[in-house]
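Read the structure below first, then the notes.
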Amino acid sequence: MSTLSHPDTLPRAGTRPLREGAFGNAVHLVCRECRTTAPLGPSYACGECFGPLEVGYDLPRVTRADIEAGPANIWRYRQLLPVPADIMSSRNMEPGYTRLLRADNLARELGIRRLWVKDDSGNPTHSFKDRVVAVALSAAREFGSTVFACPSTGNLANAVAAAGARAGIKTVVFIPENLERPKVVTTAVYGGTLVAVRGTYDDVNRLASEIAGEQEGWAFVNVNVRPYYAEGSKTLGYEVAEQLGWRLPQQVVIPVASGAQLTKVDKGFSELVALGLVEESPYRVFGAQATGCSPVSAAFKAGHDVVRPVRPDTVAKSLAIGNPADGPYVLDVTRRTGGAVEDVSDEEVLEGISLLARTEGVFAETAGGVTVATLKKLVETGRLDPDQETVVFNTGDGLKTLDAVAGRVGPAATIEPSYAAFTAAGLV
Ligand SMILES: *Cc1c(COP(=O)(O)O)cnc(C)c1O
Ligand SMILES: [Zn+2]
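Using the numbering used here, the first residue of the sequence shown is number 52, and each one after it goes up by one.
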């Protein structure tokens with residue numbers, strides 16, 4: 052293995068010499084394609100083959116008791132993340148340890164024996180993005196970055212703006228101008244600089260890469276500190292296993308935007324097995340997309356290894372990434388585990404939101420609607436085994452995408468404030 056330094060042609064996300072233990076038990080970055088290693092730094096592309104880098108560890112012996120003694124947030128897994136041992140005393144966010152709900156009503160409706168909802172709407176800014184941003188923020192601060200930035204489909208914008216405000220670091224957030232209004236407001240409220248771009252998310256992402264290539268000291272959470280950012284998603288896998296009583300589920304259904312979450316949940320499961328924290332047992336990973344932005348599902352169905360970019364057009368804006376960075380790895384994970392990637396129409400997405408709400412009392416954003424509707428479709432088409440224990444992810448809060456369902460629900464009647472008017476309305 053050769054050790055590379057960061058390519059000199061790229062400006063750095065920061066220039067501070069790294070503290071001892073700044074990244075905990077992480078030892079290097081490693082190319083996901085050719086396995087060449089690089090030192091821990093604000094790099095994201097392999098110097099040999101330009102493949103994406105991920106964090107590699109020399110993991111210590113970690114016990115269930117160590118983890119259980121930790122705080123009720125993602126820092127309970129700090130030994131398995133690229134963060135310093137003193138992370139809990141930093142002014143970071145404390146996302147995670149969200150509820151895992153037994154979903155008996157939804158299970159009955161779908162004919163599944165045992166079903167759980169991992170409900171990540173309970174995070175500080177109401178989506179799973181708080182997990183990845185917390186880890187990215189830790190890295191950015193260790194690099195001495197002066198600006199904390201991102202291109203976003205909405206939820207990431209919320210999480211970056213909030214985490215930056217709490218940490219006292221300048222934020223600059225780029226969004227497509229057609230984003231849902233609540234996601235604009237819930238970003239802008241934290242202060243920082245919010246930039247609306249006339250274009251799709253993929254246009255915004257390209258712009259961000261260009262800025263990251265020019266501006267010294269900018270940490271773009273999902274661009275130049277992406278290897279650290281992506282590690283945050285492992286905690287979803289850790290939590291599901293721990294909350295099930297330290298065992299792996301047999302099937303998981305996960306939404307796919309860039310695909311990082313899905314691939315890192317799989318990485319999290321395999322680390323738990325390697326550490327002896329759970330018994331090795333087979334599990335199948337399923338990916339969920341909206342048909343209006345389903346490049347990974349299309350590649351899965353066609354048997355392709357490459358993902359052809361698309362121009363998104365779907366109500367599920369938080370998943371509207373037409374050129375997903377982790378697309379090929381999603382194909383690897385779903386094929387290797389015997390899962391699948393499936394997509395559902397916008398109409399099914401809205402029905403998915405209603406289904407979860409009326410059966411389990413959980414109001415999901417459109418991404419959750421995609422995942423629940425995909426679960427339903429996978430059962431109906433016989434690809435998901437209804438006898439195996441299944442976990443479906445709700446990654447965001449329905450209050451942020453109210454407009455998607457606002458026209459479909461409302462009061463049963465509007466009446467005068469009298470008992471006579473109530474009985475005349477014929478509601479009971
Ligand atoms: C970003 C996002 C996802 C998908 O994340 P990726 O890791 O990019 O696949 C899922 N759900 C919600 C609500 C999101 O905001
Ligand atoms: Zn490489």
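By construction, the Cβ of each residue, glycine as well, lies at the ideal position given by its N, Cα and C atoms.
Terminal residues of the alpha helix (DSSP H) in which residue i lies
i: MET368; result: Note on identity: in this sequence residue 368 is Lys, with Met being the wrong assignment. No alpha helix (DSSP H) contains LYS368, which DSSP labels as neither H nor E.
i: VAL430; result: 417-431
i: LYS352; result: 346-353
i: PRO306; result: No alpha helix (DSSP H) holds PRO306; the beta strand (DSSP E) holding it covers 302-306.
i: PRO278; result: 277-282
i: THR23; result: Outside the shown range of the chain, which is 52 to 479, sits residue 23, and nothing can be said about it.
i: ASN273; result: No alpha helix (DSSP H) contains ASN273, which DSSP labels as neither H nor E.
i: VAL381; result: 378-388
i: ASP394; result: First-last for ASP394: 391-395, but that is the beta strand (DSSP E), not the alpha helix (DSSP H).
i: LYS285; result: 285-294
i: ARG257; result: 252-265
Straight-line gap, residue i to residue j (C-alpha atoms, nearest Å)
i: PHE74; j: ASP109; result: 11 Å
i: GLU440; j: GLY162; result: 12 Å
i: ALA190; j: ALA281; result: 12 Å
i: GLU228; j: PHE199; result: 20 Å
i: VAL430; j: GLU265; result: 48 Å
i: ASP253; j: PRO68; result: 33 Å
i: ALA156; j: GLU411; result: In the sequence on display, residue 156 carries Asn and not Ala. Near 6 Å, if we compare the C-alpha coordinates of GLU411 and ASN156.
i: GLN294; j: SER396; result: 32 Å
i: VAL324; j: ALA476; result: 59 Å
i: GLY147; j: THR286; result: 8 Å
i: ASN275; j: PHE179; result: 20 Å
i: GLU71; j: LEU91; result: 12 Å
i: GLY461; j: ASN174; result: 27 Å
i: ALA154; j: GLY195; result: 44 Å
i: ALA367; j: TYR470; result: 42 Å
Boundaries of the beta strand (DSSP E) in which residue i is found, first to last residue
i: GLY338; result: 335-341
i: TYR108; result: 104-108
i: PRO227; result: 221-227
i: THR441; result: 441-445
i: VAL78; result: 77-82
i: LEU151; result: 151-153
Cβ-based neighbour list, residue i, same chain, cut-off 7 Å, excluding 5 preceding and 5 following
i: TRP297; result: ARG115, LEU328 and VAL329
i: ALA472; result: ILE466
i: LEU313; result: ILE305, VAL307, VAL336, GLY338, VAL381 and VAL384
i: ALA457; result: none
i: SER369; result: THR204, GLY205, ASN206, ALA308, GLU416, THR417, ALA418 and GLY447
Neighbourhood of residue i by C-beta distance below 6 Å, restricted to the same chain and skipping five residues each side
i: TYR289; result: TYR128 and GLY319
i: LEU407; result: VAL413, ALA415 and VAL423
CB contact below 9 Å: residue i versus chain B
i: THR422; result: The chain inventory of the structure shown lacks chain B, comprising one protein chain alone.
Sequence-distant residues of the same chain with beta carbon closer than 8 Å to residue i, five excluded per side
i: ASP124; result: The identity of residue 124 in the sequence shown is Asn, whereas the question assumes Asp. Excluding residues within five positions, the ones whose Cβ falls inside 8 Å are GLU145, PRO146, GLY147 and TYR148.
* Closer than 6 Å to ligand 2: residues, by C-beta to nearest heavy atom, in chain order -> CYS82, GLU84, CYS85, THR87, CYS97, GLU99, CYS100 and GLY102
* Start-end ranges of the beta strand (DSSP E) lying completely within the segment 168-240, minimum 3 residues -> 198-202 and 221-227
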